[in-house]
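As given, the protein sequences belong to chains A and B, one line each in that order. Our numbering puts the first residue of the first sequence at 132, with every later residue one more than the last. Our numbering puts the first residue of the second sequence at 56, with every later residue one more than the last. Positions of the beta carbon are idealized from the N, C-alpha and C atoms, including for glycine. Written below as structure tokens is the structure these notes are about.
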Amino acid sequence: MTGFDFSRLLHFWSQRWPDILGLIVEHIAVVAISLLIAMVVGVGIGMLVWNRPIPRSVVIAAAGVALTIPSLAMLALLIPTFGLGWTPTVIALVMYSLLPIVRNTVVGLREVPPAVMESATGMGMNQFSVLLRIQLPIAWPIILTGVRVAAQLTIGIAAIAAYVAGPGLGSYIFQGLSSLGSVNALNFALTGTLGVVILALLVDALFVTITRYTTSRGLRA
Amino acid sequence: MTGQATGDMAVSYSRQPSVRGRFFTAKRFVTPVLVVLVLGILLLWLSSLQLDSIERRTLNIDYIINRTREHLGLTIVASALVAVLAIPLGIALSRTRSKVVRGIVLGVANVGQATPAVGVIILLAIVWQTGYTTALMALVIYSFLPVLRNTLIGLQQVDESVRESARGMGMTPNQVLLHVELPLAVPVILAGLRTSLVFCVGVATIATFINAGGLGDMIVNGLKLQRYPVLITGAVLVACIALLIDWVAGIAEDLLRPRGT
Numbered sequence: 132m133t134g135f136d137f138s139r140l141l142h143f144w145s146q147r148w149p150d151i152l153g154l155i156v157e158h159i160a161v162v163a164i165s166l167l168i169a170m171v172v173g174v175g176i177g178m179l180v181w182n183r184p185i186p187r188s189v190v191i192a193a194a195g196v197a198l199t200i201p202s203l204a205m206l207a208l209l210i211p212t213f214g215l216g217w218t219p220t221v222i223a224l225v226m227y228s229l230l231p232i233v234r235n236t237v238v239g240l241r242e243v244p245p246a247v248m249e250s251a252t253g254m255g256m257n258q259f260s261v262l263l264r265i266q267l268p269i270a271w272p273i274i275l276t277g278v279r280v281a282a283q284l285t286i287g288i289a290a291i292a293a294y295v296a297g298p299g300l301g302s303y304i305f306q307g308l309s310s311l312g313s314v315n316a317l318n319f320a321l322t323g324t325l326g327v328v329i330l331a332l333l334v335d336a337l338f339v340t341i342t343r344y345t346t347s348r349g350l351r352a
Numbered sequence: 056m057t058g059q060a061t062g063d064m065a066v067s068y069s070r071q072p073s074v075r076g077r078f079f080t081a082k083r084f085v086t087p088v089l090v091v092l093v094l095g096i097l098l099l100w101l102s103s104l105q106l107d108s109i110e111r112r113t114l115n116i117d118y119i120i121n122r123t124r125e126h127l128g129l130t131i132v133a134s135a136l137v138a139v140l141a142i143p144l145g146i147a148l149s150r151t152r153s154k155v156v157r158g159i160v161l162g163v164a165n166v167g168q169a170t171p172a173v174g175v176i177i178l179l180a181i182v183w184q185t186g187y188t189t190a191l192m193a194l195v196i197y198s199f200l201p202v203l204r205n206t207l208i209g210l211q212q213v214d215e216s217v218r219e220s221a222r223g224m225g226m227t228p229n230q231v232l233l234h235v236e237l238p239l240a241v242p243v244i245l246a247g248l249r250t251s252l253v254f255c256v257g258v259a260t261i262a263t264f265i266n267a268g269g270l271g272d273m274i275v276n277g278l279k280l281q282r283y284p285v286l287i288t289g290a291v292l293v294a295c296i297a298l299l300i301d302w303v304a305g306i307a308e309d310l311l312r313p314r315g316t
């Protein structure tokens, strides 16, 4: 039971600003690393399976299973093999990111009109260059939407990873819990939670810009 | 802008509905078979281990059943509360013509989606108290928004011309709601409920941090005492429960969907 005092919170922030900034940078770093890995793996898998019905449904079902597993359980399962800290956090975040990314890649690649692909083949492109130079650019906005969903998911899940000594703002949330009853308990937990929320909203806004500037010029609305 | 991403998030939890008429497909049985297989392997592995006294205190049937009961209790009570509270509120909100109210609700829903569950649960514990009631509150708050949002969106996406034809047939606004709009919105609402159920299993796991029991206890104890068999048993059980609940919800989704949609 702690009362809330806004001036105290401001004081708390000004005192611990470097600390908080460090945690924010860590949080962004772990999410960015995980998303990059997930993007390479996810888009790669998507490109391999998009036109093969059975591998496609197997991959998407497996990624769905991964997403259904609660995050604390997933982290716990990784600890005996990978220890504590960054490694299990990044692996867990990659696993959670795979479903939105793989699924959107598959959907995006399949939504390219057959006529477009036929004209590309007619111009002498082989299947691989059709995939790389025609389908991928057209599917790109959809793939990015998947990455964006994954970003929202992982920013939140990274907060729980602090329990297994993972990096980021989650450590402030847990510090709030462990100092329950002390003056700064609420400040710690509030700073961690608000930081995660603001980060998630900013990253989401950032994705609008990224989508705009990485979409092939002819496809921009 | 956030609407797009979170909209996809809701979809990402629900998988393709099966084709009507082919209810018992092979796919239908993948989840339970997988769960039984995993549990079987876990049991075999555990029986091959020499457990010490600390491990034996938690790895026994009574303890596991009690924790599972707490876990399921939290999940189901919270989901039922959410269904009873959020769906009527969503229907009521969809009746207002005011764009501002809807905008605010959807905006709050999006910010809520970005809020980490662990933050919500720990903040509540700090400002209020630790224990079961707080955990239940956190679960309800956390899964309230997806259901509310899906109810609103489900009712909104009903085609305007469908509504008009219903009115043209002489239906009152209430009849239109009851016989046309709601049945058409049911799949979206059910998808929201399914998402919230799966969320609840996950959040109930971290309820252990604030002393509210559940299978998270096993994970945390296993971690703190460096007893990996305990940790893994807890994690595997939670994962199996999440998968089974998602599976049951998927079946319910197929059965409850009105015919013709």
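Alpha carbon to alpha carbon, how far is residue j from residue i? Give it in angstroms, no decimals.
i        : j        : result
B:Asn115 : B:Leu286 : 14 Å
A:Arg264 : B:Phe199 : 44 Å
B:Ala297 : A:Ser202 : 11 Å
B:Pro238 : B:Gly257 : 30 Å
A:Asn182 : A:Ile176 : 11 Å
A:Phe319 : B:Lys154 : 37 Å
A:Ala316 : A:Val238 : 46 Å
B:Leu144 : A:Ser138 : 36 Å
B:Pro72  : A:Val339 : Confidence at B:Pro72 is low in this model, with a pLDDT of 48, below 50, so its placement is unreliable and no value can be given for it.
A:Ile273 : A:Ala281 : 13 Å
B:Val303 : A:Leu311 : 38 Å
B:Arg282 : B:Asn276 : 8 Å
A:Gly216 : A:Ala223 : 11 Å
B:Glu308 : A:Ala197 : 21 Å
A:Val180 : A:Val174 : 10 Å
B:Ala141 : B:Val202 : 6 Å
B:Pro284 : A:Met205 : 15 Å
B:Arg157 : A:Asp335 : 21 Å
So what's residue i in DSSP terms, helix, strand or just coil?
i        : result
B:Asn121 : helix
B:Pro284 : helix
B:Gly225 : coil
B:Asn276 : helix
A:Leu311 : coil
A:Leu284 : helix
A:Met377 : The structure shown does not extend to residue 377 of chain A, since chain A spans only 132 to 352, so no value can be given for it.
B:Gly269 : coil
B:Asp309 : helix
A:Trp181 : coil
A:Pro244 : coil
B:Gln184 : coil
A:Asp136 : coil
A:Pro298 : coil
A:Ser202 : helix
A:Thr212 : helix
A:Ile341 : helix
Please classify residue i as buried or exposed, where buried requires at least 16 neighbouring CB atoms within 10 angstroms.
i        : result
A:Gly299 : buried
A:Glu157 : buried
B:Gln212 : exposed
A:Pro184 : exposed
A:Gly195 : buried
A:Tyr227 : buried
B:Pro171 : buried
B:Gly58  : At B:Gly58 the pLDDT is 36, less than 50, meaning the model places this residue with poor confidence and gives no usable figure here.
A:Ala246 : exposed
B:Asn229 : exposed
A:Ser313 : exposed
B:His126 : buried
A:Gln283 : buried
A:Pro244 : exposed
A:Ser250 : exposed
A:Tyr344 : exposed
List the residues of chain B that residue i touches, going by C-beta distances under 9 Å, in chain order.
i        : result
A:Gly287 : Gln168, Ala169, Thr170, Pro171, Ala172, Val173, Gly174
A:Ile222 : Per Cβ cutoff of 9 Å: no residues; A:Ile222 is ~14 Å from chain B at best.
Cβ closer than 8 Å: which chain A residues qualify as neighbours of residue i?
i        : result
B:Val293 : Ile200, Pro201, Leu203, Ala204
Give me the chain B residues within the contact set of residue i, using Cβ-Cβ distance strictly less than 7 Å, ordered along the chain.
i        : result
A:Val328 : Val166, Ala169, Thr170
A:Val196 : Leu298
A:Gly173 : Result: empty, since nearest Cβ-Cβ is about 13 Å, beyond 7 Å.
Is residue i a contact residue of the ligand FAD, with contact defined as CB to any heavy atom under 8 Å?
i        : result
B:Ser153 : Among the components of this structure there are no ligands whatsoever, and the ligand FAD is therefore not found.
What does residue i touch in chain A if you count any residue whose Cβ is under 7 Å from its own?
i        : result
B:Asp301 : Thr199
B:Phe264 : Leu308
B:Ala190 : Result: empty, since nearest Cβ-Cβ is about 13 Å, beyond 7 Å.
Between residue i and residue j, how many whole angstroms is the CB-CB distance? I'm expecting something under 8 Å.
i        : j        : result
B:Ala133 : B:Leu191 : 6 Å
A:Val328 : B:Ala169 : 5 Å
A:Ser360 : A:Pro268 : Shown here, chain A extends from 132 to 352; a query on residue 360 of chain A therefore has no answer.
B:Gly269 : B:Thr260 : 6 Å
A:Leu308 : B:Ala180 : 7 Å
Using a C-beta to C-beta distance shorter than 9 Å, which residues of chain A count as neighbours of residue i?
i        : result
B:Gly225 : Chain A residues near B:Gly225: none, gap ~41 Å exceeds 9 Å.
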